[in-house]
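In the numbering used here, the protein residues as written are 1 to 504.
Spelled out as structure tokens, the structure:
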């Protein structure tokens with residue numbers, strides 16, 4: 001269905017609302033469907049493949065309309081070709097009228113636990129899953145989610161029903177919907193399982209022998225560092241390719257190094273994609289850390305043995321120091337790397353001068369042609385002018401996306417411009433718009449605007465001449481920082497880089 005408008009016009013009343021953050025439209029179906037429009041209504045509902053229940057609209061179909069439709073449909077499903085249904089709230093009474101959206105052809109279902117059932121999950125969740133299995137037994141993806149403060153533990157009664165869905169390929173226990181050893185061991189009965197997302201709370205007795213998930217290649221695991229490490233001791237995933245590990249306990253940096261060493265001691269070397277997070281949403285009191293000597297490279301040392309990695313994302317609430325040598329060691333350890341992200345968390349701090357410089361950007365451009373995305377925390381751009389003179393352009397480099405957090409004063413407009421000139425020279429194939437960093441780094445936003453203008457100018461025959469060696473480059477910016485209405489001229493010759501301010 002290319003447009004919802006013809007379908008919505010059939011109904012006498014529709015509530016419409018724009019949703020954040022992607023400014024998409026959500027609709028609540030109300031009113032009624034006339035007898036004259038009934039056949040057209042059935043035609044359009046047969047075209048619906050995905051249905052998303054919007055949290056701010058309540059049920060996307062008003063109760064009165066749903067009751068009327070069910071009475072007219074009889075035993076027929078409302079959306080007879082529906083494949084994806086997200087996200088249904090689970091109440092003490094079950095799914096209520098929303099259970100009418102379930103049918104045998106459904107493949108993807110997401111359920112969110114309401115706060116009303118927090119104390120009754122052992123009773124309500126199995127009952128709801130029984131209903132789901134009776135009406136939609138052919139699911140390939142099942143998602144069960146709990147809010148941060150619910151702390152729901154899945155029981156064996158719940159798992160007994162879940163393993164009845166023999167066709168499941170993806171199973172998610174998200175948020176604070178926890179699994180223990182006994183529940184995890186039951187998942188071996190899902191012989192087609194390929195993706196597992198689980199929040200761990202391992203306080204019971206571990207299995208007597210290793211449990212193997214032979215087809216799982218993608219895993220997302222959340223829990224304390226000890227639980228993450230214990231999982232890989234007792235559960236084998238020999239074909240694991242993608243791992244997202246989120247250590248949710250308050251591990252201070254002094255223990256994070258050993259925790260990661262313990263975790264990756266049992267992770268298979270087949271890993272190609274790794275996202276490593278540590279308390280992303282919780283601010284760490286860095287004053288408790290004292291003076292530490294560990295760098296990010298020290299902490300990540302066990303990961304350097306995973307030679308097949310091509311995507312690495314590091315997002316720690318407290319980011320230890322990282323410098324050019326650390327970036328170089330990572331790039332050397334992972335020769336097939338295409339995506340590298342080191343994200344500054346909410347407690348990001350700077351320790352002395354141990355931060356990457358533009359040398360890391362030059363290294364990536366000259367030695368690692370497979371890189372397509374590069375996202376770094378604070379970068380010292382004070383040596384940009386020297387880098388401009390020393391390095392030629394690399395028109396064949398495939399990097400498509402970059403974001404950095406330049407270390408300079410906001411008033412140093414010439415240095416920001418020089419950095420844009422260097423990045424444009426090193427990575428001329430960037431795709432725009434680049435990742436926005438407005439929430440934490442307006443300097444990067446200004447630099448990005450320069451990059452966009454340079455890219456556009458290079459595509460124009462007249463402006464291309466201005467970028468030749470020995471010519472003056474002047475770029476007019478639209479919507480630059482408040483109070484900035486001029487951009488410095490950059491004069492590039494064979495041996496010098498000079499900056500002049502345009503005259504009034």
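Cβ coordinates follow ideal geometry from the N, Cα and C atoms, glycine included. Please read all numbers here as calculations on a predicted model, not as lab measurements.
Name the DSSP beta bridge partners of residue 175, please?
In the chain shown, the residue the question calls residue 175 occupies position 175. Note: residue 175 sits in a beta bridge opposite 146.
In or out: residue 418 buried (at least 16 other Cβ within 10 Å) or exposed?
Along the chain shown, read from residue 1 onward, the residue named residue 418 stands at position 418. Buried.
Take residue 210 and list the residues in its own chain whose beta-carbon comes closer than 8 Å to its own, dropping the five residues that flank it on each side.
Numbered from 1 along the chain shown, position 210 holds the residue referred to as residue 210. Correct list, in chain order: 234, 235, 236.
Take every Cβ of the segment 258-267, pair it with every Cβ of the segment 238-249, and state whether three or more of those distances are shorter than 8 Å.
The answer is yes - the segment 238-249 touches the segment 258-267, with three or more Cβ pairs under 8 Å.
By the three-class DSSP mapping on this structure, what secondary structure does residue 44 have?
One-based indexing of the chain shown puts residue 44 at position 44. Three-state DSSP puts residue 44 in a helix.
Note the first and the last residue of the continuous beta strand (DSSP E) segment covering residue 312.
The residue you call residue 312 lines up with position 312 of the chain shown. Residue 312 -> beta strand (DSSP E) spans 311-316.
Would you mind sorting residue 79 into buried or exposed? The rule is 16 or more other CB atoms within 10 Å of its CB.
For the purposes of this step, residue 79 is taken as residue 79 along the chain shown, with counting starting at 1. The residue is buried, with at least 16 neighbouring Cβ atoms inside 10 Å.
Answer with buried or exposed for residue 36, where buried requires no fewer than 16 other C-beta atoms within 10 angstroms of its C-beta.
On the chain shown, residue 36 is found 36 positions in, with the first residue counted as 1. Residue 36 comes out exposed.
Residue 248 by DSSP, collapsed to three states: which one?
Within the chain shown, the letter at position 248 stands for residue 248. Of the three classes helix, strand and coil, the one that applies to residue 248 here is coil, per DSSP.
For the segment 64-74 against the segment 104-113, are there 3 or more C-beta pairs whose distance is under 8 Å?
Taking 8 Å as the limit for Cβ pairs, the verdict is that the segment 104-113 does not touch the segment 64-74.
Residues in the same chain with beta-carbon distance under 7 Å from residue 114, minus the five sequence neighbours each way, listed in chain order, please.
In the chain shown, counting from the first residue as 1, residue 114 sits at position 114. The answer, listed in chain order, is 89, 90, 91.
Which of helix, strand or coil does DSSP assign to residue 7?
Locating residue 7 in the chain shown gives position 7, where the first residue counts as 1. Looking at residue 7 - three-state DSSP - the assignment turns out to be helix.
Relative to the C-alpha of residue 68, which residue among 43, 38, 84 is closest?
Position 68 of the chain shown, counted from the start, is the residue given in the question as residue 68. With distances taken between Cα atoms, residue 68 lies closest to 38.
Leaving out the 5 sequence neighbours to the left and right, which residues in its chain are closer than 6 Å to residue 329 when beta-carbon positions are compared?
One-based indexing of the chain shown puts residue 329 at position 329. The residues are 297.
On the DSSP letters alone, give me the boundaries of the beta strand (DSSP E) that residue 87 sits inside.
Start at 1 with the first residue of the chain shown, and residue 87 comes out as number 87. Start and end: 84-90.
Specify whether the segment 155-164 and the segment 191-207 touch according to this definition: at least 3 beta carbon pairs, one from each stretch, less than 8 Å apart.
No: the two stretches stay apart, fewer than three of their Cβ pairs being nearer than 8 Å.
Within 10 angstroms of the Cβ of residue 389, are there 16 or more other Cβ atoms? Answer buried if so, exposed if not.
Numbered from its first residue, the chain shown carries residue 389 at position 389. Exposed, since its Cβ has fewer than 16 Cβ neighbours within 10 Å.
Quick check: what's the CA-CA separation for residue 133 versus residue 119?
Counting from one through the chain shown, the residue named residue 133 turns up at place 133. Counting from one through the chain shown, the residue named residue 119 turns up at place 119. Rounded to whole angstroms, residue 133 to residue 119 spans 23 Å at the Cα level.
Roughly how many whole angstroms lie between the Cα atoms of residue 126 and residue 213?
For the purposes of this step, residue 126 is taken as the residue at position 126 of the chain shown. For the purposes of this step, residue 213 is taken as the residue at position 213 of the chain shown. About 24 Å.
Note down, in chain order, each residue of its chain lying with its Cβ closer than 6 Å to the Cβ of residue 157, except the 5 sequence neighbours on either side.
Translated into the one-based positions of the chain shown, residue 157 becomes position 157. Counting only Cβ-Cβ distances below 6 Å, and skipping sequence neighbours, we find 126.
Given residue 130, which residues of its chain have a CB within under 8 Å of its CB, disregarding the five upstream and five downstream residues?
Mapped onto the chain shown, residue 130 falls at position 130. Once the five neighbours on either side are set aside, the close Cβ partners of residue 130 are 161.
Helix or strand or just coil, what does DSSP make of residue 266?
One-based indexing of the chain shown puts residue 266 at position 266. DSSP places residue 266 in coil when its eight states are reduced to three.
Have a look at 183, 319, 322 and flag the residue whose alpha-carbon is nearest the alpha-carbon of residue 203.
Numbered from 1 along the chain shown, position 203 holds the residue referred to as residue 203. Comparing Cα-Cα distances from residue 203 to each of 183, 319, 322, the minimum goes to 183.
Near residue 434, which residues of its chain fall below 6 Å by C-beta distance, leaving aside the five closest residues on each side in sequence?
Within the chain shown, the letter at position 434 stands for residue 434. 448.
If you run the structure through DSSP and keep just helix, strand and coil, what is residue 52?
The residue you call residue 52 lines up with position 52 of the chain shown. DSSP places residue 52 in strand when its eight states are reduced to three.
Our contact map puts residue 178 next to residue 142 with C-beta atoms below 8 Å; I'd like the distance itself, whole angstroms only.
For the purposes of this step, residue 178 is taken as residue 178 along the chain shown, with counting starting at 1. For the purposes of this step, residue 142 is taken as residue 142 along the chain shown, with counting starting at 1. Contact flag wrong, Cβ pair sits at about 16 Å.
Helix, strand or coil, according to DSSP, for residue 361 in the structure here?
Along the chain shown, read from residue 1 onward, the residue named residue 361 stands at position 361. Residue 361: helix per DSSP, three-state reduction.
In its own chain, which residues sit with a C-beta less than 6 Å from the C-beta of residue 401, not counting the 5 before and 5 after it?
Here the question's residue 401 lines up with position 401 in the chain shown. Once the five neighbours on either side are set aside, the close Cβ partners of residue 401 are 373.
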